[in-house]
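Engineer:
2 protein chains.
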Amino acid sequence: MEKKIPQATAKRLPLYYRFILNLHNQGKTRVSSKELSDAVKVDSATIRRDFSYFGALGKKGYGYNVEYLLQFFKDTLEQDAITEVALIGVGNLGTALINYNFSQSNNTKIVMAFDRSKRTAKTENGNIPIYSIEQLEEKLNGVEVAILTVPAAAAQDIADRLIDCGIKGIVNFTPARLTIPDDVRIHHIDLSVELQSFIYFLKNYPMNE
Amino acid sequence: MEKKIPQATAKRLPLYYRFILNLHNQGKTRVSSKELSDAVKVDSATIRRDFSYFGALGKKGYGYNVEYLLQFFKDTLEQDAITEVALIGVGNLGTALINYNFSQSNNTKIVMAFDRSKRTAKTENGNIPIYSIEQLEEKLNGVEVAILTVPAAAAQDIADRLIDCGIKGIVNFTPARLTIPDDVRIHHIDLSVELQSFIYFLKNYPMNE
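So the protein sequences, as listed, match chains A and B. For the record, in the first sequence the residue sitting at position 166 is 165 according to numbering that gives the first Met the number 0, with numbers rising by one throughout. For the record, in the second sequence the residue sitting at position 86 is 85 according to numbering that gives the first Met the number 0, with numbers rising by one throughout.
1) Determine the DSSP secondary structure at M0/A, reduced to helix, strand or coil.
2) Determine, using beta carbons only, whether V41/B and F197/A come nearer to each other than 7 angstroms.
3) Which residue's Cα is closest to the Cα of N126/B: I109/B, E133/B, I132/B, R115/B?
4) Return the residues of the segment 37–55 of chain B that lie within a Cβ-Cβ distance of less than 7 angstroms from chain A, sorted by chain order.
5) Output, in sequence order along the chain, the residues in the segment 52–78 of chain A whose CB is closer than 9 angstroms to any CB in chain B.
6) As a quick exercise: from A38/A, G60/A, L68/A, E193/A, pick the residue whose alpha carbon is nearest that of S51/A.
7) Can you give the Cα-Cα distance for L14/B and K27/A, rounded to whole angstroms?
8) Can you tell me whether T148/B is buried or exposed, with buried defined as 16 or more other CB within 10 angstroms of its CB?
9) Please decide whether E208/B counts as near chain A, where near means a Cβ-Cβ distance under 7 angstroms.
10) Using a Cβ-Cβ cutoff of less than 7 angstroms, which residues in the same chain neighbour R47/B once the five nearest sequence positions on both sides are dropped?
11) Go to A112/B, then tell me how far its beta strand (DSSP E) extends in each direction, as first and last residue.
12) Taking the C-alpha atoms as reference points, what is the distance between V39/B and Y63/A?
13) With a CB to CB cut of under 8 angstroms and the five nearest residues on each side skipped, what residues in its chain are close to F18/A?
14) What residues of chain A sit near V30/B, judged by a beta carbon separation below 9 angstroms?
15) For the segment 92–101 of chain B and the segment 84–96 of chain A, state whether three or more C-beta atom pairs, one from each stretch, are separated by less than 8 angstroms.
16) Alpha carbons only, please: which of Q6/A, A151/A, C164/A is nearest the one belonging to R176/A?
17) Within a Cβ cutoff of 7 angstroms, which residues of the same chain sit near E143/A, ignoring the five residues on either side of it in sequence?
18) To the nearest angstrom, how far is it from the Cα of T8/B to the Cα of E137/A?
19) For the beta strand (DSSP E) that contains A55/A, what are its first and last residues?
20) At 3 residues or longer, and completely inside the segment 150–194 of chain B: list those beta strand (DSSP E) runs for me, N to C.
21) Are the beta-carbon atoms of A145/B and L161/B separated by less than 7 angstroms?
22) For V144/A, which beta-bridge partners are listed by DSSP?
23) Taking 7 angstroms as the cut-off, decide whether the C-beta atoms of A112/B and L86/B are in contact.
24) Please classify N24/A: does DSSP put it in a helix, a strand, or coil?
25) Provide the residue(s) that pair with R17/B in DSSP beta bridges, ordered along the chain.
26) Can you tell me whether Q6/A is buried or exposed, with buried defined as 16 or more other CB within 10 angstroms of its CB?
27) Rounded to the nearest angstrom, what separates G141/B and V84/A at their Cα positions?
28) Let me know the secondary structure DSSP gives F197/A once reduced to three states.
29) With respect to the alpha helix (DSSP H) encompassing Y67/B, which residues constitute its N-terminal and C-terminal limits?
30) Is P5/B helix, strand or coil by DSSP?
31) Using a cut-off of 9 angstroms between C-beta atoms, extract the partners of V149/B located in chain A.
32) Restricting to Cα atoms, I'd like to know which of G54/A, T82/A, F71/A, N21/A is closest to L194/B.
33) Could you name the residues of chain A that F113/B contacts, counting a contact when the two beta carbons are closer than 9 angstroms?
34) Quick check on E208/B: does DSSP put it in helix, strand or coil?
35) Kindly indicate if chain A contains any beta-carbon less than 7 angstroms away from that of N126/B.
36) Note down the Cα distance separating E208/B from Y130/B, rounded to an integer number of angstroms.
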């Protein structure tokens, strides 16, 4: 496992992988950085720099070898090792995430969900059990990643319980900023902040400057 | 309007603003970078560097002036100018965004939604009209920002129509990578990529290294 990939590059790995997999499924054997750039909307220079970290050497007039890239991404993203994820809070956002098309290029799987009420989500893939939040400690057994889509006021309490259960990573969709131990990784996706900062950029960093 | 704020700093503006507003509402007049750091989970050094761009000078043993910061953020984020947003695609994710608590610290407002089917979202704030997607050109009049929560296969077609209507910014929640003119800004929030890259970081960049 190559650990020296810069974080900004690593963030683009799943995106690259998805498109390379598509190309491979279409029977393509090579791809230029220009074609990739058009498809994933990342500029060619960035793609060439990123791919140099992957040991992928594009050749002028030939491009990159799809097979090599596919194998690299599969190995790097450990596509054969499915990571099980628990989702806490089956409201609209939680239901959307359960139904979200985590495609074949994604090696994560929501395997269970918890909710305060006894609601059953209208899941399109109906094979995910939804337990009462009271059963968290009993049912979570072994799952190390959780998605938090509960009301903000409940977030810290739930996070504490998850961490007591051995959760190592939390994707936090609530606006609450959580206090967690140093050895637990957290990723905030705050949709309100995302929208507001997008509009700030729209107003203050015009595209044609 | 100060335009020299680095983009990474600008992304944190709405977050800082929300917490400073909370402090102000609690009657606090000053705050240390340590307190802010504990609240927003951004390290103190980053906060001090960010705030230096805001012209906010923290004083040792005193901290930052809450009133000054509040006014700065209000002005910079143009809190008095509400930005109207249209949401396209009222499935679970769309409904979640309509119901999302875009709090008083947020100056964006979803004012209308469109959907292919005649479904009416179970909106908690029931004052948002939901139109048929066929009425897009007729109803969008003047709105410049759109949130895209339609199926990926429909995304490019809808984006083209939005741009013909004069949309200047698109927040794209679909996995589709859209082809848009240079003068339209787009922000991708691909929940599948977010989850997968989070897990890659979890496995490959341990917190305690």
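Ideal Cβ positions, reconstructed from N, Cα and C, are used throughout, including at glycine.
Structural biologist: Let me lay it out:
1) In the first sequence, counting from the first residue as 1, residue 0/A sits at position 1. Low confidence applies to M0/A: its pLDDT is 44, below 50, so where it sits in the model is not reliable, and the reading given next is rough at best. Correct three-state label for M0/A: coil.
2) Stepping through the second sequence from its first residue, residue 41/B is reached at position 42. Stepping through the first sequence from its first residue, residue 197/A is reached at position 198. Contact: no.
3) Residue 126/B sits at position 127 when you count from the first residue of the second sequence. Closest option to N126/B, Cα to Cα, is I109/B.
4) A38, V39, K40
5) T75, L76, E77
6) For this step, residue 51/A is matched to residue 52 along the first sequence. Closest by alpha carbon: L68/A.
7) The residue labelled residue 14/B in the question sits at position 15 within the second sequence. The residue labelled residue 27/A in the question sits at position 28 within the first sequence. Approximately 44 angstroms between the Cα atoms of the pair.
8) As a first step, residue 148/B must be located in the second sequence, where it is residue number 149. Under this definition T148/B is a buried residue.
9) Walking along the second sequence from the start, residue 208/B turns up at place 209. Because the pLDDT at E208/B is just 41, under 50, the model does not fix this residue reliably, and the value given afterwards should be weighed accordingly. False, the Cβ-Cβ gap to chain A never drops below 7 angstroms.
10) Taking the second sequence and counting its residues from 1, the one referred to as residue 47/B is at position 48. S32, G57.
11) In the second sequence, residue 112/B corresponds to position 113, counting from 1. Start and end: 107–114.
12) Your numbering for residue 39/B matches position 40 in the second sequence. Your numbering for residue 63/A matches position 64 in the first sequence. Approximately 43 angstroms, taken between the alpha carbons.
13) Position 19 of the first sequence holds residue 18/A. Only L35, A38, V39 meet the Cβ criterion.
14) As a first step, residue 30/B is located in the second sequence; it is residue number 31 there, counting from the start. Result: empty, since nearest Cβ-Cβ is about 15 angstroms, beyond 9 angstroms.
15) yes
16) Here residue 176/A refers to the residue found at position 177 of the first sequence. Comparing Cα-Cα distances from R176/A to each of Q6/A, A151/A, C164/A, the minimum goes to A151/A.
17) Locating residue 143/A in the first sequence gives position 144, where the first residue counts as 1. The answer, listed in chain order, is G165, I166, K167, G168.
18) In the second sequence, residue 8/B corresponds to position 9, counting from 1. In the first sequence, residue 137/A corresponds to position 138, counting from 1. Straight-line Cα distance between these residues: approximately 42 angstroms.
19) Position 56 of the first sequence, counting from 1, holds the residue named residue 55/A. It is not in any beta strand (DSSP E) - A55/A carries neither H nor E in the DSSP assignment.
20) 168–171, 184–187
21) The count along the second sequence starts at 1 and reaches residue 145/B at position 146. The count along the second sequence starts at 1 and reaches residue 161/B at position 162. Yes, they are a contact pair.
22) On the first sequence, residue 144/A is found 145 positions in, with the first residue counted as 1. For V144/A, which the question treats as bridged, DSSP gives the partners V84/A, G168/A.
23) Within the second sequence, the letter at position 113 stands for residue 112/B. Within the second sequence, the letter at position 87 stands for residue 86/B. In this structure, L86/B lies closer than 7 angstroms to A112/B by Cβ.
24) As a first step, residue 24/A must be located in the first sequence, where it is residue number 25. Reduced to three states, the DSSP call for N24/A is helix.
25) For the purposes of this step, residue 17/B is taken as residue 18 along the second sequence, with counting starting at 1. Note: R17/B sits in no beta bridge, so no partner.
26) Here residue 6/A corresponds to residue number 7 of the first sequence, with the count starting at 1. Exposed.
27) Along the second sequence, one-based indexing puts residue 141/B at 142. Along the first sequence, one-based indexing puts residue 84/A at 85. Going by the C-alpha atoms only, they are around 42 angstroms apart.
28) Indexing the first sequence from 1 puts residue 197/A at position 198. DSSP places F197/A in helix when its eight states are reduced to three.
29) Indexing the second sequence from 1 puts residue 67/B at position 68. Y67/B -> alpha helix (DSSP H) spans 65–75.
30) As a working note, residue 5/B is residue 6 in the second sequence. Residue state, collapsed to three classes: coil.
31) Stepping through the second sequence from its first residue, residue 149/B is reached at position 150. The contacting residues do not exist; V149/B stays about 13 angstroms from chain A at best.
32) Counted from its first residue, the second sequence places residue 194/B at position 195. Selected option, being the one with the closest Cα: T82/A.
33) Here the question's residue 113/B lines up with position 114 in the second sequence. Here the premise fails: no neighbours, minimum Cβ distance about 17 angstroms.
34) Position 209 of the second sequence, counted from the first residue, corresponds to residue 208/B. Note that E208/B scores 41 on pLDDT, short of 50, meaning its location in the model is unreliable; the coordinates nonetheless yield the value given after this. Looking at E208/B - three-state DSSP - the assignment turns out to be coil, as it is neither helix nor strand.
35) As a first step, residue 126/B is located in the second sequence; it is residue number 127 there, counting from the start. Output row for N126/B: interface = no.
36) Here residue 208/B refers to the residue found at position 209 of the second sequence. Here residue 130/B refers to the residue found at position 131 of the second sequence. The predicted model places E208/B with a pLDDT of 41, which falls under 50 and marks its position as unreliable; any figure quoted below should be read in that light. The alpha-carbon atoms of E208/B and Y130/B are separated by roughly 52 angstroms.
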